[in-house]
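First comes the structure, then the notes that go with it.
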Amino acid sequence: MTVTNPEFSPAVAPARPAARPDRVGLFARLPVSRKLLLASLGLGVPYLAAMGGLMYITNVNLQANRVQRTGQAMLVPASPLLQNVQLLRLSATNVLSGKAEFREPNVQQRQVVDARLAEIAAVAQTHGYATISAQVTRLQQGLDALDADVDAGGVTPQQIQTKYTALLREQVIPLFQTISDETKLALQNPASVQAAAAAQVANLAALTVPANMPAAGAIASGSIQVITRAGGPGKPLSEALQFEARTNYTTANQAMLSVLNGLKGTYKKFPELEGTLKPAADRLEAVAVPLFSSVESGLVNSKTVRVTPAQINEAIPNYAAALFASLDASINALGSVLVTQERASRTQLMAAVIVPLLTLLAVALLFRAVAGSILVPLRRLTGAARQLEQGEVGAQVPVTSTDELGQLAVAFNGASAQLKLNADRAEQERVEAQRLQSNIGEFLDVTMDIADGDLTKRGKVTEDVLGNVVDSINLMTDELASVLRRVQDTAASVTGGSRAMLGTTQVIEEGAQLTVAETQRVAEQVAQITESIRVMAVNAQRSAETARQALSASQQGQEAVTGTLEGMQNIRREVQGVAKRIKNLGDRSLEIQEIVDTISQIARQTNLLALNASIEAAGAGEAGGRFSIVADEVRKLADTSSQATGRIAGLIKNVQAEIQDVIASVEDGTREVEQGYRVAGTAGERLREIGTLTQTSAQLAETIASSSQAQVSGIEQVGGAVQQIAQIAEGSAEQVTQGRETATQLQSLAQQLDGSLARFRLPS
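Position 382 (the sequence shown) corresponds to 427 in the working numbering; numbering is contiguous.
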């Protein structure tokens with residue numbers, strides 16, 4: 046029995062709900078991880094936007110560079126176009142002057158011009174430059190008109206030269222300008238050194254060199270015209286011719302210097318182009334200075350003509366080649382600058398992509414590390430706080446840093462440790478109160494047992510205030526138990542005497558009842574044995590009859606086995622006779638084989654003799670011809686005999702093989718007949734033994750049947766005697782029952798005395 050005393054129950058504080066803020070803002074509801082993510086997005090989005098803008102600008106520059114390279118690709122065929130149009134002007138002038146040898150070069154130069162125009166038109170159509178395509182078409186139409194004039198011959202050489210010069214000035218040279226304008230080759234405000242170099246080289250290749258080449262090349266034609274009008278070398282020059290020569294020289298010299306200075310100024314400003322432009326400038330200067338010096342000294346600054354057209358014509362090819370080499374060098378330099386610029390743009394684009402991405406990746410990793418250093422301690426603190434909220438005091442958080450979170454973790458660990466200490470102290474006080482309450486409850490249980498008569502119970506003497514009270518009550522209980530023990534001993538003596546009497550009568554009664562039960566059981570068993578012996582006697586009669594039948598069947602089996610043995614003996618004799626005859630047949634086949642071998646040997650000898658006879662007949666000539674025929678027939682007959690004996694030998698071998706198989710089969714059959722004969726003989730012996738045993742069994746069965754009948758009579762007499770014994774045992778049991786009732790009354794009196802003391806339980 047346990048009594049709960051509220052005075053000693055520890056006070057348990059009621060659980061308070063966690064404090065929740067009444068009103069929170071949007072950012073206050075977000076987790077710290079999302080706040081950090083928003084902060085990173087606030088920094089990363091502008092960075093990504095700036096990176097996207099830089100990539101866009103770099104991509105725009107790259108696209109512009111590709112457009113410029115398209116323009117440079119059209120300038121490449123434009124250079125030979127300009128050169129061949131000028132050559133067309135010269136060849137057309139010669140054709141109209143009556144020089145037929147220039148007819149074929151004129152046609153070839155026109156084919157070259159058409160091919161270059163087709164290249165320019167193809168690039169323009171591919172990239173959608175309709176203005177350039179239209180200008181190429183107009184140029185082709187102008188060339189066709191000039192070709193028609195040359196073919197018709199209705200113009201003078203001076204007129205065709207003027208028309209070609211106008212075509213160069215109005216259509217060919219403007220084509221360079223159009224290509225430059227359409228493809229933005231000459232940028233107004235280049236943003237980089239490469240762009241500035243490209244713009245200057247583009248101006249040189251598309252404007253300066255093409256625009257000045259016709260004027261620079263006119264030094265030859267203009268000087269030769271002045272010499273021709275003056276009358277040739279050594280002739281005086283009038284003031285008009287001197288003015289014309291000076292004007293032509295000045296114009297050509299200025300054009301040549303524009304080209305030369307353009308080349309020099311470009312590679313001096315951009316040294317990386319020196320390898321391309323300086324050789325062209327040096328070559329142009331090397332061939333132009335002697336040419337212009339000779340014209341200046343022999344024509345411009347002289348009163349008479351002191352230079353011949355042949356001298357001028359001799360220097361013109363190198364000079365023209367140097368001019369066109371300057372144009373080609375400018376176009377090639379433009380291509381190299383554009384390639385360099387494209388590489389730089391690609392590098393810049395890659396840098397604009399890779400460097401920001403690497404920077405963004407590094408920032409993301411740094412953000413992840415920073416977020417981890419904040420979120421992991423926060424999660425640990427949150428988890429530990431939830432453990433405290435659920436009552437798991439003593440939760441600790443690992444301190445991994447010295448920042449505010451580390452200090453918070455240290456403070457949390459201290460608070461948790463203090464809570465654990467307070468909880469342990471409260472738990473100890475609660476345990477002591479529960480122990481005192483438990484001692485009081487146990488003592489109350491002991492006193493209740495003592496009040497119920499259990500004087501064996503003793504209170505537990507403790508060290509608290511309850512110990513003295515318990516000790517006094519234990520002493521009082523010991524004194525009361527000693528008094529009651531003496532009274533209980535006296536009652537036990539009376540109870541023992543009555544119990545002994547009752548036990549004696551009970552034993553007698555049980556013996557009488559056991560006797561009655563045993564006699565009844567013996568009677569039942571005797572009846573069962575009697576019935577079993579009757580059944581056994583009937584079965585013995587049936588067994589005797591069955592044994593007689595088995596004896597008759599075994600005798601019949603012996604007679605059948607005897608007949609079987611005689612038949613198998615006859616079969617064995619017949620099989621042995623067949624085996625002997627087959628063996629004799631095998632011996633006769635061997636003799637036939639010997640005869641066949643003899644015939645085969647005779648055939649071989651005959652064949653050999655026939656061969657020898659054929660040889661002898663052949664040696665005898667015509668006299669032995671008929672003998673040779675006979676020998677051939679004999680040899681054929683011998684071959685036929687040999688083949689026949691071979692077949693006979695094969696057949697005999699097959700017959701011998703089959704005879705051997707038959708002999709083996711007959712011998713196996715003979716062995717099986719012998720074995721069957723022996724088995725049948727053994728079976729006959731066993732049947733004779735079975736007949737003997739069956740006869741003996743029949744005799745024993747008849748004897749058992751006779752004995753069983755006698756046993757049935759004796760057991761019936763025993764059953765009658767057992768019934769008489771059972772009647773006598775029943776009478777004795779009734780007398781013993783009356784004596785037991787008297788002993789029971791005596792025991793009842795003794796038990797009433799014991800019952801008065803039974804409620805007290807005394808110590809041993």
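Just so you know, even glycine gets a beta-carbon here, dropped at the ideal spot from N, CA and C.
query: Pick out whichever of Gly279, Lys309, Leu220, Leu394 has its Cα sitting closest to the Cα of Arg351.; result: Gly279
query: Any chance the CB of Gln356 is under 7 Å from a heavy atom of the ligand GTP?; result: Judged by which ligands are present, the structure shown has none, so any question about the ligand GTP falls away.
query: Any idea if Ala331 is buried or exposed, counting beta-carbon neighbours within 10 angstroms, 16 or more meaning buried?; result: exposed
query: Looking at the unbroken alpha helix (DSSP H) that takes in Ala247, where does it start and where does it end?; result: 238-248
query: Apart from the five residues on each side of it in sequence, which residues of its chain come closer than 8 Å, Cβ to Cβ, to Thr522?; result: Ile495, Leu500, Lys502, Arg503
query: Report the rounded CA-to-CA distance for Glu52 versus Ala462, giving the unit in angstroms.; result: Because Glu52 sits at a pLDDT of 42, beneath the cut-off of 50, its placement in the model cannot be relied upon, and the following sentence gives the value as read from the coordinates. About 30 Å.
query: For the alpha helix (DSSP H) holding Val254, just list the boundary residues, first then last.; result: 254-275
query: Using the three-state DSSP reduction, which class does Thr201 fall into: helix, strand or coil?; result: coil
query: In three-state terms, what does DSSP make of Pro401?; result: helix
query: From which residue to which residue does the alpha helix (DSSP H) around Val11 run?; result: A question about residue 11 goes unanswered here, because the residues of the chain that appear run from 46 up to 809.
query: Mapping the DSSP letters down to three states, classify Pro354 as helix, strand or coil.; result: helix
query: Express the C-alpha separation of Ala526 and Thr47 in angstroms, rounding to a whole number.; result: With a pLDDT of 44 at Thr47, under the threshold of 50, the modelled position of this residue cannot be trusted; read the value that follows with caution. Cα to Cα, the separation comes out at about 26 Å.
query: Just checking my contact of Val181 with Ala193 at CB under 8 Å: how many whole Å lie between their CB atoms?; result: Going by Cβ atoms, the distance from Val181 to Ala193 rounds to 19 Å, so no, they are not a contact pair.
query: What's the gap between the Cα of Arg806 and the Cα of Gln558?; result: 39 Å
query: Any idea which residues DSSP pairs Thr349 with across the strands?; result: Pro281
query: Can you tell me whether Phe315 is buried or exposed, with buried defined as 16 or more other CB within 10 angstroms of its CB?; result: buried
query: Quick test of your reading: Ile205 and Leu191, contact by CB under 8 Å. State the CB separation rounded to the nearest angstrom.; result: 7 Å
query: Pick from Lys208, Gln754, Thr727, Leu81: whose alpha carbon is nearest that of Val130?; result: Lys208
query: For Met395, count neighbouring Cβ atoms within 10 angstroms of its own Cβ and tell me buried if that reaches 16, exposed if not.; result: exposed
query: Taking the alpha-carbon positions, what's the Asp632 to Val679 distance?; result: 33 Å
query: Evaluate Met493 with the Cβ neighbour count: other Cβ atoms within 10 Å of its Cβ, from every protein chain shown; 16 or more gives buried, anything less gives exposed.; result: exposed
query: Go ahead and label Tyr364 buried or exposed: buried means 16 or more other beta carbons lie within 10 angstroms of its beta carbon, across all protein chains shown.; result: buried
query: Would you mind reading off the limits of the alpha helix (DSSP H) that contains Val446?; result: Per the sequence shown, the amino acid found at residue 446 is Ser instead of Val. No alpha helix (DSSP H) contains Ser446, which DSSP labels as neither H nor E.
query: Looking at C-beta atoms only, is the number of pairs between the stretch 356-371 and the stretch 323-343 that lie closer than 8 Å three or more?; result: yes
query: From the DSSP output, in three-state form, read off Arg503 for me.; result: coil
query: Between which residues of its own chain and Arg274 is the CB-CB distance below 8 Å, once the five residues before and five after are set aside?; result: Leu286
query: Could you give the distance in angstroms between the alpha-carbon of Ile376 and the alpha-carbon of Ala300?; result: 18 Å
query: What did DSSP end up calling Gly800 once you bin it into helix, strand or coil?; result: helix
query: Using 8 Å as the threshold, is the C-beta distance between Glu23 and Pro122 below it?; result: Since the first residue of the chain shown is 46 and the last is 809, residue 23 is not available in this structure.
query: Measure the Cβ-Cβ separation of Val246 and Ala378 and say whether it is below 8 Å.; result: yes
query: Start and end of the alpha helix (DSSP H) containing Glu227?; result: 218-227
query: Using 8 Å as the threshold, is the C-beta distance between Lys309 and Ala297 below it?; result: no
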